[in-house]
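Peer 1:
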Amino acid sequence: MSVIVTRTDCPPPAKAVSGTASQTFGPNHRWKVLGIGVAANAGFSATFSGVPATAVVMRQGYQLDDASLGLALGLLGLGVALSELPWGVVTDRWGDRRVLLTGLGATAAWLFVMAMLVVPTKGAIPGVTLLSASLLVAGLLGGSVNGSSGRAIMGWFREGERGFAMSIRQTAVPLGGGIGALVLPSLALGFGFAAVFGLLAAVSALSAVFAWRWLHEPPAEGGGHVAATAGPAPLHNLEVWRISSAIGLLCFPQVAVLTFASVFLHDFVGLGTLATSASLAAVQTGAMVMRVWSGRYTDRHGNRRPFLRLCSALSALAFAVLWLLVLTAAGRPALMAALPVVLVVAGIAVSTWHGVAYTELATLAGPGHVGTALSLANSFVFVGFCLVPIAIPGLLHLWAWPGVWLAAAGCALIAWPIFLRPA
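Take a look at the structure:
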């Protein structure tokens with residue numbers, strides 16, 4: 047590996063060209079950039095996956111019914127969905143460093159405000175409107191993390207190792223979510239939501255410090271840069287829209303696990319807080335391991351599309367088995383005991399593919415458009431984070447838990463043909 051690390055995919059903004067071109071970086075600097083991407087995504091994942099893991103405690107502490115709880119958690123996802131694409135476009139124009147620093151700093155500040163003002167106390171309990179609006183703003187600010195960190199990693203790593211690098215970055219989502227699932231419910235029970243939001247604010251602030259220290263735009267080879275407009279714009283590329291929509295669809299069942307699995311395990315299976323947290327942490331740990339493996343595997347075999355179709359099929363099958371077990375488990379202790387295991391397997395199956403899909407999408411988008419393309423996909427993803435928690439209470443009212451898991455299986459099955467390579 048050369049001492050000078052170069053990238054041609056994601057150009058620095060025009061104002062930064064002269065200042066960045068003279069910088070040199072050690073041969074291992076790209077791993078620092080990857081570490082920053084993991085830290086930033088893990089911190090925000092602890093927010094958008096960890097806060098829903100406190101659903102049972104939040105429902106009690108804020109005195110919410112299931113519909114209000116779903117609305118509050120859904121608006122967190124809506125905030126990210128609304129802001130992802132604008133943040134991505136800005137990233138392609140401003141560069142990774144400026145956007146990531148701005149977003150992480152603003153997210154940390156807002157979570158600190160929530161820790162001070164939007165928590166239940168002995169004197170007052172914030173209403174669902176204030177809680178929902180606050181989570182919406184947190185999502186709007188946190189949407190800066192995904193596209194900017196992904197653009198940085200795609201630029202610093204070469205073809206043949208990008209799938210592995212992006213999959214490692216995507217392990218940050220289950221890593222942060224798993225830590226959040228283990229820590230935040232107990233923290234909320236023992237110290238209240240001021241401690242929850244305060245800890246999340248500190249994590250975002252620490253990630254901002256790492257980004258300030260090590261995240262830089264690398265110099266382009268030979269002093270030139272690929273124009274930001276090179277290749278078809280991703281918003282006019284039908285194949286980019288296809289893959290983005292499939293990514294969003296396949297995230298719907300994953301979001302169902304992240305947002306309401308704790309309620310399912312508590313209300314239907316009868317697990318306590320510790321066992322519920324352990325089950326959700328097992329989902330996130332398994333997903334993290336499988337994402338790293340899938341990135342290396344598809345880099346070596348060049349089979350991203352077939353792998354994505356396989357993940358869709360396995361996810362549909364796993365949730366169909368969960369649906370069948372829920373239908374037949376009443377009064378059968380052995381089947382009830384199997385439900386958490388099947389839920390963990392289904393959650394891992396539907397969380398394995400992210401790094402592979404984002405690498406395929408970024409490759410399709412072409413030079414100069416990585417931030418926009420990744421943010422487009424994440425907009426679809428967080429539409430799911432908005433709609434799924436709002437829809438689940440309705441499904442529970444109409445068809446109970448079998449309806450929820452059957453709908454999850456259907457979404458995974460619909461995604462399968464979209465991953466077919468066009469003629």
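When you number the sequence shown by my numbering, it's gap-free, plus one each residue, and the end is 469. We put the beta carbon where it would ideally sit given N, CA and C, even for glycine. Just so we're clear, the structure is a prediction, and the values are computed from it rather than from any experiment.
(1) Who are the near neighbours of GLY107 in its chain, counting only those whose CB is closer than 8 Å to its CB and skipping five residues on each side?
(2) Buried or exposed: ASP111, going by 16 or more other Cβ atoms within 10 Å of its Cβ?
(3) Any beta carbon from chain C within less than 8 Å of THR409's own beta carbon?
(4) Where does LEU368 land, buried or exposed, given buried means 16+ other C-beta within 10 angstroms?
(5) PRO386: buried (16+ other C-beta within 10 angstroms of its C-beta) or exposed?
(6) Report back the beta-carbon spacing between ILE294 and PHE158 to the nearest angstrom; my notes put them in contact at under 8 Å.
(7) Here's the rule I'm using: 16 or more other beta-carbon atoms within 10 Å means buried, otherwise exposed. How should GLN300 be labelled?
(8) Quick one: which unbroken alpha helix (DSSP H) runs of 4-plus residues sit fully inside the segment 392 to 439? Chain order, please.
(9) Taking the Cβ atom as the reference point for each residue, do VAL97 and TRP260 lie within a distance shorter than 8 Å?
(10) Which residues in the same chain as PHE353 place their Cβ atom closer than 6 Å to its Cβ, once the five residues preceding and following it in sequence are excluded?
(11) As an exercise, report each continuous alpha helix (DSSP H) stretch of at least 4 residues that is fully enclosed by the segment 346 to 380, in chain order.
(12) Can you list, in chain order, the residues of its chain with a C-beta nearer than 6 Å to that of ALA392? Leave out the 5 residues immediately preceding and following it.
(13) Considering only the alpha carbon of each residue, which of SER213, ALA307, ASN74 lies closest to SER195?
(14) CB of GLY123 to nearest heavy atom of the ligand HEM: below 7 Å?
(15) Determine, using beta-carbon pairs with one atom in the segment 179 to 189 and one in the segment 111 to 131, whether at least three such pairs fall under 8 Å.
(16) Put TYR108 into one of helix, strand or coil per three-state DSSP.
(17) Within 10 Å of its beta-carbon, does PRO231 have 16 or more other beta-carbons around it, so buried, or fewer, so exposed?
(18) Please name the residue in MET160, LEU422, GLY81, LEU320 whose C-alpha comes closest to that of PHE256.
(19) Quick one: what's got a C-beta closer than 6 Å to THR331's C-beta in the same chain, skipping five residues either side?
(20) Are the beta-carbon atoms of ALA292 and VAL434 separated by less than 8 Å?
(21) Helix, strand or coil for ILE199, going by three-state DSSP, please let me know.
(22) Buried or exposed for GLN216, please, with buried defined as at least 16 other CB atoms from any protein chain shown within 10 angstroms of its CB.
(23) Take the Cβ of GLY414 as the centre, count every other Cβ of all protein chains shown within 10 Å, and call the residue buried at 16 or more, exposed below.
(24) In whole angstroms, give me the CA-to-CA distance for ALA419 and VAL102.
(25) Terminal residues of the continuous alpha helix (DSSP H) containing ASN74?
(26) To the nearest angstrom, how far is it from the Cα of GLY189 to the Cα of PHE314?
(27) Between ARG15 and VAL242, what straight-line distance do the alpha-carbon atoms span, to the nearest angstrom?
(28) Taking a contact to mean a Cβ-Cβ separation below 8 Å, would you say ALA154 touches ALA247 in this structure?
(29) For GLY348 and TRP202, I'd like the C-alpha separation in whole angstroms.
(30) By Cβ distance, which residues of its chain are closer than 8 Å to TRP445, with the 5 residues on each side in sequence left out?
(31) What does a CB cutoff of less than 6 Å around GLY417 pick up in its chain, not counting 5 residues either side in sequence?
(32) In whole angstroms, give me the CA-to-CA distance for ALA276 and GLY412.
(33) For GLY123, collect the residues of the same chain with a Cβ closer than 6 Å to its Cβ; drop the 5 residues on either side in sequence, then sort them by chain order.
(34) When the distance is taken between beta carbons, is CYS357 closer than 8 Å to THR398?
(35) Run the CB neighbour count on ALA273, radius 10 Å, all protein chains shown included, and call it buried at 16 or more, exposed below.
(36) Measuring straight from C-alpha to C-alpha, what distance separates LEU381 and HIS282?
Peer 2: Looking at the coordinates:
(1) The sequence position of residue 107 within the sequence shown is 61, counting from 1. In its chain, beyond the 5 residues on either side, PRO166, ILE171, ALA234, GLY238, PHE239 have a beta carbon closer than 8 Å to the beta carbon of GLY107.
(2) Within the sequence shown, numbered from 1, the residue matching residue 111 stands at position 65. Burial call: exposed.
(3) Reference to chain C is not applicable here, since this structure consists of a single protein chain.
(4) As a working note, residue 368 is residue 322 in the sequence shown. LEU368 comes out buried.
(5) Here the question's residue 386 lines up with position 340 in the sequence shown. Result: buried.
(6) Residue numbering aside, residue 294 sits at position 248 when the sequence shown is read from its first letter. Residue numbering aside, residue 158 sits at position 112 when the sequence shown is read from its first letter. Sequence check: residue 294 is Gly here, not Ile. With a contact defined as Cβ atoms closer than 8 Å, GLY294 and PHE158 miss out at about 31 Å.
(7) Within the sequence shown, the letter at position 254 stands for residue 300. Buried: at least 16 other Cβ atoms inside 10 Å.
(8) With a minimum length of 4 residues, the continuous alpha helix (DSSP H) runs that stay inside the segment 392 to 439 are 400 to 411.
(9) Working through the sequence shown from its first residue, we reach residue 97 at position 51. Working through the sequence shown from its first residue, we reach residue 260 at position 214. Not in contact: VAL97 and TRP260 (Cβ atoms no closer than 8 Å).
(10) Taking the first residue of the sequence shown as position 1, residue 353 is located at position 307. THR344, VAL402, listed in sequence order.
(11) Listed in chain order, the complete alpha helix (DSSP H) runs (minimum 4 residues) inside the segment 346 to 380 are 350 to 374.
(12) The residue given as residue 392 occupies position 346 in the sequence shown. Here the set comprises ALA364, PHE365, LEU368.
(13) Here residue 195 is taken as the residue at index 149 of the sequence shown, counted from 1. Nearest in C-alpha terms to SER195, of all of SER213, ALA307, ASN74, is SER213.
(14) Among the components of this structure there are no ligands whatsoever, and the ligand HEM is therefore not found.
(15) The segment 179 to 189 makes contact with the segment 111 to 131, as at least three CB pairs between them are under 8 Å.
(16) To locate residue 108, count along the sequence shown from 1; it is residue 62. For TYR108, the secondary structure class from DSSP, reduced to helix, strand or coil, is coil.
(17) The residue given as residue 231 occupies position 185 in the sequence shown. Buried, by the Cβ-count rule.
(18) Along the sequence shown, read from residue 1 onward, the residue named residue 256 stands at position 210. Of all alpha-carbon atoms in MET160, LEU422, GLY81, LEU320, the one lying nearest the alpha-carbon of PHE256 is that of GLY81.
(19) Position 285 of the sequence shown, counting from 1, holds the residue named residue 331. Result list for THR331: GLY224, in chain order.
(20) Taking the sequence shown and counting its residues from 1, the one referred to as residue 292 is at position 246. Taking the sequence shown and counting its residues from 1, the one referred to as residue 434 is at position 388. For ALA292 and VAL434, no; Cβs fall outside 8 Å.
(21) Looking up residue 199 in the sequence shown gives position 153. DSSP places ILE199 in helix when its eight states are reduced to three.
(22) Numbered from its first residue, the sequence shown carries residue 216 at position 170. The residue is buried, with at least 16 neighbouring Cβ atoms inside 10 Å.
(23) Within the sequence shown, residue 414 is the residue found at index 368, counting from 1. So GLY414 ends up on the buried side.
(24) The count along the sequence shown starts at 1 and reaches residue 419 at position 373. The count along the sequence shown starts at 1 and reaches residue 102 at position 56. Going from the Cα of ALA419 to the Cα of VAL102 covers about 36 Å.
(25) By 1-based counting over the sequence shown, the position of residue 74 is 28. Looking at the DSSP string, ASN74 is not in any alpha helix (DSSP H), and its letter there is neither H nor E.
(26) Reading the sequence shown from its first residue, position 143 is the one you call residue 189. Reading the sequence shown from its first residue, position 268 is the one you call residue 314. Approximately 33 Å between the Cα atoms of the pair.
(27) Here the chain has residues from 47 to 469 only, and residue 15 is not among them.
(28) For this step, residue 154 is matched to residue 108 along the sequence shown. For this step, residue 247 is matched to residue 201 along the sequence shown. For the pair ALA154 and ALA247, the CB atoms are nearer than the 8 Å cut-off.
(29) In the sequence shown, the residue the question calls residue 348 occupies position 302. In the sequence shown, the residue the question calls residue 202 occupies position 156. If you take the alpha carbons of GLY348 and TRP202, they lie about 20 Å apart.
(30) Looking up residue 445 in the sequence shown gives position 399. Residues of the same chain with a CB within less than 8 Å of the CB of TRP445, apart from the 5 flanking positions on each side, are LEU452 in chain order.
(31) Position 371 of the sequence shown holds residue 417. Excluding its 5 nearest sequence neighbours in each direction, GLY417 has C-beta neighbours in its own chain below 6 Å: GLY134, THR137, ASP138, GLY193, ARG197, listed in chain order.
(32) On the sequence shown, residue 276 is found 230 positions in, with the first residue counted as 1. On the sequence shown, residue 412 is found 366 positions in, with the first residue counted as 1. Confidence in ALA276 is poor, its pLDDT being 47 and thus under 50, which makes the residue's placement too unreliable to answer from.
(33) Stepping through the sequence shown from its first residue, residue 123 is reached at position 77. Counting only residues of its own chain and dropping the five nearest sequence neighbours on each side, GLY123 has a CB closer than 6 Å to the CB of PHE428, PHE431, CYS432.
(34) To locate residue 398, count along the sequence shown from 1; it is residue 352. To locate residue 357, count along the sequence shown from 1; it is residue 311. A contact, by the Cβ cut-off of 8 Å.
(35) Locating residue 273 in the sequence shown gives position 227, counting from the first residue. Low confidence applies to ALA273: its pLDDT is 39, below 50, so where it sits in the model is not reliable, and the reading given next is rough at best. When all chains shown are included, ALA273 counts as exposed.
(36) One-based indexing of the sequence shown puts residue 381 at position 335. One-based indexing of the sequence shown puts residue 282 at position 236. Our two residues, LEU381 and HIS282, have alpha carbons roughly 49 Å apart in a direct line.
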